[in-house]
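With this note's numbering, the residue at position 69 of the sequence shown is 305, and numbering never jumps. For glycine and all other residues, C-beta sits at the position ideal for the given N, C-alpha and C. Following: one structure in structure tokens, then a few remarks.
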Amino acid sequence: MNLFIISDPGSVANESLIINSLFTNGLEILHLRKPSGSIDEIAELILRIDAKFHHKISLHQHHKLSEQFEITRFHFTEESRKKIGVSELEKHRSNGKTLSTSIHSMDEYKKLSSCFDYCFFGPVFNSISKKESKSIVKGDFILGEKTQTKIIALGGINNDSIPIVKKMGFNGIALLGSVWQSEKPVEKFNQIKETWLKNQLVY
């Protein structure tokens, strides 16, 4: 289905309960992104998430936690990607890890290592969670030729923008502000998921 959710970077009331409910309602992959969170804080949050969902979590920070939990997905920010060598990425892949990263231009995409299974590209639309983050593409933007690394649209994704994402040629979508700024995040996720499936955005 290629519909991802990125965690709120800050603290959220009843976050683990919401995450468990999102998984129960069909979320395939949660990207756990807490830039200022300590390794102990991240571990505590993961402990509160049902263990049967741990393999559906991608770690943005503190990759060492994969040794403690059944986590096989690592995400690399643009900054961390530039610091890691291809040999280390290949080692992660050989150890069964699924790797992803973030990009902000098609030039970056063309230079990505084939070790990355998918990448987040954006903001495609004006960000919901970061008002200062504006769209980096034009309204008539169409993805060109793609490599084996799937491109996931990020930034300002909601029900109305899904048909546009389809026309642009993205392999999937990632949600952040549309879910976490909603008073009912699970209901919002279900609404977007339904729209996503109706548009046959299944790759």
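Which stretch, first to last residue, makes up the alpha helix (DSSP H) that contains Arg317? 314–319 is the extent of the alpha helix (DSSP H) around Arg317.
Contact defined as beta carbons within less than 8 angstroms: I believe Cys351 pairs with Leu325. What is the distance between those atoms, to the nearest angstrom? Here Cys351 really is in contact with Leu325; their C-beta atoms are around 4 angstroms apart, less than 8 angstroms.
Is there contact between the region 374–385 and the region 412–423, where contact requires at least three CB pairs shorter than 8 angstroms? Counting Cβ pairs under 8 angstroms, fewer than three are found: no touch.
Fully enclosed by the region 286–349, which alpha helix (DSSP H) runs are 4 residues long or longer? You should have 314–319, 322–330, 342–347.
Are there 16 or more other CB atoms within 10 angstroms of the CB of Ser397, so buried, or fewer, so exposed? If you draw a 10 Å sphere on the C-beta of Ser397, you find 16 or more other C-beta atoms in it, and that means buried.
Continuous beta strand (DSSP E) stretch holding Lys386: start and end: Lys386: member of the beta strand (DSSP E) spanning 386–390, first to last residue.
Cβ of Ile255 within 8 angstroms of Cβ of Ile285? It is a contact, given that the beta carbons lie within the stated cut-off.
Helix or strand or just coil, what does DSSP make of Leu433? Leu433 sits in a helix when the DSSP states are folded into three classes.
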